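Asker: Encoded as structure tokens, here's the structure I'll be asking about.
In our numbering, the protein residues as written are 14 to 509.
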């Protein structure tokens with residue numbers, strides 16, 4: 014006869030991914046086992062926040078909610094405003110793929126500057142690692158674009174459909190004129206927000222003003238239209254429908270964050286020693302005589318959680334450290350007259366009566382590496398040459414040409430002005446005793462542009478020159494004749 018498996022075990026194995034080890038979870042279990050079974054809590058098999066697979070989050074007020082709100086407003090304002098800013102007649106930030114130029118405020122980057130992009134990505138990765146070591150997934154809870162846009166979409170949903178209880182009630186109702194109007198208004202505003210987001214994002218690659226003008230004149234390029242549609246759908250689906258599923262299942266950071274955690278990392282934790290055994294009671298009841306802890310088992314910490322976890326079960330990988338459960342619990346503690354911070358940002362070292370150690374070897378190591386990478390990045394940016402030169406010999410198949418009384422080689426020189434203003438330059442060569450530039454050596458290159466010139470170098474037949482002779486092309490500033498860039502090449506002569 015086959016062995017029967019309890020229904021809860023099946024549900025637990027299907028619906029819950031493995032959880033990160035947490036001493037707080039073990040402590041919570043031990044404390045609960047010591048208390049009377051009268052107040053024990055059965056496993057929460059089906060959360061009250063979910064109806065037909067949808068999580069209904071309850072809005073709350075508090076320090077962390079205000080912090081998320083103001084930070085979200087700042088990040089969204091910066092995102093929507095930057096493409097409209099101009100510096101010296103061009104967009105402040107523009108990734109011009111057609112011209113192969115990246116304009117970032119007063120600087121212009123070219124394809125040959127890709128090393129700076131690599132350095133920036135490495136620096137961002139190290140900053141994320143250091144932040145995770147110190148404050149856990151605070152990036153996810155406060156500054157991640159998925160979190161910011163989901164916050165705005167939930168705000169729109171609350172304005173159209175009401176608070177959590179009203180939204181649950183509305184979804185359970187049969188279709189009516191009121192439900193159609195509320196649902197349609199919400200989705201129309203979601204699409205409008207997605208459209209504004211898509212236009213702004215494409216505006217970082219296609220100047221925003223011509224983009225809007227071309228749209229109004231029905232002359233927008235089909236490639237721009239394609240990308241706008243892609244980002245409208247992506248924003249609408251991710252922030253409106255997928256929401257927490259992106260953080261839980263699609264984002265790789267949620268999976269490898271546990272590797273970077275230590276017992277001194279600040280994460281959202283539940284004080285099980287103080288809160289257990291949890292149980293409902295009225296304000297003013299003697300919790301000691303009834304064998305209760307501070308937790309009143311109101312489940313508000315679950316109702317406000319955007320990923321629908323119970324933080325009282327211990328540290329779990331879906332937690333994004335947004336702090337909403339902290340705000341909700343503190344509100345209840347204040348009403349009950351209990352001490353605040355039953356749920357708080359703390360380390361796993363606190364239950365062992367040990368203060369979290371900020372300057373620990375792992376943090377110092379990653380901090381020093383991050384500081385070195387940051388210093389190297391900014392030094393390379395600030396010290397980069399304002400000019401780049403690329404010299405290519407004539408590839409027409411003729412190694413050299415015999416001209417009057419001498420030999421001549423032809424070169425194609427590409428000069429890129431990375432500076433902030435137009436400049437006049439002069440081209441010199443070394444050695445300059447026998448070699449002469451017969452073409453015009455003076456030229457002007459505008460800021461942020463590249464110029465290609467053809468240069469002919471001549472040497473007399475009377476000169477004793479080898480078959481191959483190294484040449485050094487030097488570009489100088491016409492103001493002070495200071496060398497700005499140089500490039501090596503080869504002069505080829507007949508081998509007599």
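From the three backbone atoms N, C-alpha and C, an ideal C-beta is built for every residue, glycine too.
Just so you know, these numbers come straight off a predicted model, no measurement behind them.
If you count every other CB in all the chains shown that lies within 10 Å of the CB of residue 285, and 16 or more means buried, which is it?
Answerer: Residue 285 is buried by the Cβ-count criterion.
Asker: Bridge partners of residue 124, per DSSP?
Answerer: Partner(s): none; residue 124 has no beta bridge.
Asker: How many Å lie between residue 292 and residue 307 at the Cα?
Answerer: Looking at the two C-alpha atoms, the distance is approximately 8 Å.
Asker: Helix, strand or coil for residue 243? Go by DSSP, reduced to three states.
Answerer: DSSP places residue 243 in helix when its eight states are reduced to three.
Asker: Using the Cβ count rule (16 or more neighbours within 10 Å means buried), how would you classify residue 51?
Answerer: Model confidence at residue 51 stands at a pLDDT of 36, short of 50, so the residue's coordinates are unreliable and nothing is read from them.
Asker: Out of 169, 187, 177 and 224, state which residue places its alpha-carbon closest to the alpha-carbon of residue 252.
Answerer: If we check each option's Cα against that of residue 252, 169 comes out closest.
Asker: Can you tell me which of the three DSSP states residue 69 falls into?
Answerer: Coil at residue 69, not helix or strand.
Asker: Near residue 443, what residues of its chain come up, given a Cβ to Cβ distance below 6 Å and the 5 sequence neighbours on each side ignored?
Answerer: Counting only Cβ-Cβ distances below 6 Å, and skipping sequence neighbours, we find 485.
Asker: Taking 6 Å as the limit between beta carbons, can you name the residues of its chain near residue 202, skipping five residues before and five after?
Answerer: Counting only Cβ-Cβ distances below 6 Å, and skipping sequence neighbours, we find 169.
Asker: What number of angstroms, rounded off, separates the C-alpha of residue 265 from the C-alpha of residue 258?
Answerer: About 12 Å.
Asker: Thinking residue 405 and residue 392 are a contact (beta carbons under 8 Å), I'd like their distance in whole angstroms, please.
Answerer: Not really, about 30 Å apart at Cβ, beyond 8 Å.
Asker: Let's see if you can read the secondary structure: which residues bound the alpha helix (DSSP H) around residue 266?
Answerer: 266–273 is the extent of the alpha helix (DSSP H) around residue 266.
Asker: Tell me which residues share the same chain as residue 451 and place their Cβ nearer than 8 Å to its Cβ, disregarding the 5 neighbours each side in the sequence.
Answerer: So the qualifying residues of the chain are 421, 469, 470 and 471.
Asker: Determine the closest residue to residue 351 out of 505, 296, 80 and 358, with distance taken between C-alpha atoms.
Answerer: When each option's Cα is compared against that of residue 351, the closest is 296.
Asker: Between which two residues does the alpha helix (DSSP H) containing residue 440 stretch?
Answerer: No alpha helix (DSSP H) holds residue 440; the beta strand (DSSP E) holding it covers 436–443.
Asker: Which stretch, first to last residue, makes up the beta strand (DSSP E) that contains residue 414?
Answerer: Counting along the chain, the beta strand (DSSP E) containing residue 414 begins and ends at 414–416.
Asker: Excluding the 5 residues flanking residue 148 on each side, which residues of the same chain have their C-beta closer than 6 Å to its C-beta?
Answerer: 279, listed in sequence order.
Asker: Would you mind reading off the limits of the alpha helix (DSSP H) that contains residue 469?
Answerer: Counting along the chain, residue 469 falls outside any alpha helix (DSSP H), though it belongs to the beta strand (DSSP E) covering 463–473.
Asker: Who are the Cβ neighbours of residue 357 in its own chain at under 8 Å, not counting the five residues just before and after it?
Answerer: Excluding sequence neighbours, residue 357 sits near 281, 282, 284 and 339.
Asker: Look at the alpha carbon of residue 328 and the alpha carbon of residue 274, and state the distance between them as a whole number of angstroms.
Answerer: The straight-line gap from Cα to Cα measures roughly 11 Å.
Asker: Is the beta carbon of residue 383 closer than 8 Å to that of residue 134?
Answerer: Not closer than 8 Å, so no.
Asker: Assuming contact is defined by CB atoms lying nearer than 8 Å, are residue 188 and residue 215 in contact in what I supplied?
Answerer: Against a cut-off of 8 Å, the Cβ pair of residue 215 and residue 188 comes out as no contact.
Asker: I think residue 165 touches residue 72, with their Cβ atoms under 8 Å apart; what is that distance to the nearest whole Å?
Answerer: With a Cβ gap of about 13 Å, residue 165 and residue 72 do not count as contacting.
Asker: Nearest to residue 374 by alpha carbon, out of 156, 230 and 277?
Answerer: It is 277.
Asker: Would you identify the three-state DSSP class for residue 116, choosing helix, strand or coil?
Answerer: Looking at residue 116 - three-state DSSP - the assignment turns out to be strand.
Asker: Who are the near neighbours of residue 248 in its chain, counting only those whose CB is closer than 6 Å to its CB and skipping five residues on each side?
Answerer: Closer than 6 Å at Cβ, skipping near neighbours: 207 and 210.
Asker: Considering only C-alpha positions, which residue in the set 492, 474 and 80 is nearest to residue 455?
Answerer: Per the Cα distances, 492.
Asker: Residue 94 to residue 100, Cα distance in whole Å?
Answerer: Going from the Cα of residue 94 to the Cα of residue 100 covers about 13 Å.
Asker: Which value, in whole angstroms, describes the spacing of the CA atoms of residue 109 and residue 372?
Answerer: Whole-angstrom Cα-Cα distance: 43 Å.
Asker: Compute the distance between the beta-carbons of residue 483 and residue 508, then report whether it is under 8 Å.
Answerer: In this structure, residue 508 does not lie closer than 8 Å to residue 483 by Cβ.
Asker: Alpha carbon to alpha carbon, how far is residue 183 from residue 74?
Answerer: Spanning the two alpha carbons is a distance of roughly 24 Å.
Asker: If we count the other Cβ atoms within 10 Å of its Cβ and call it buried at 16 or more, is residue 223 buried or exposed?
Answerer: Exposed is the call here.
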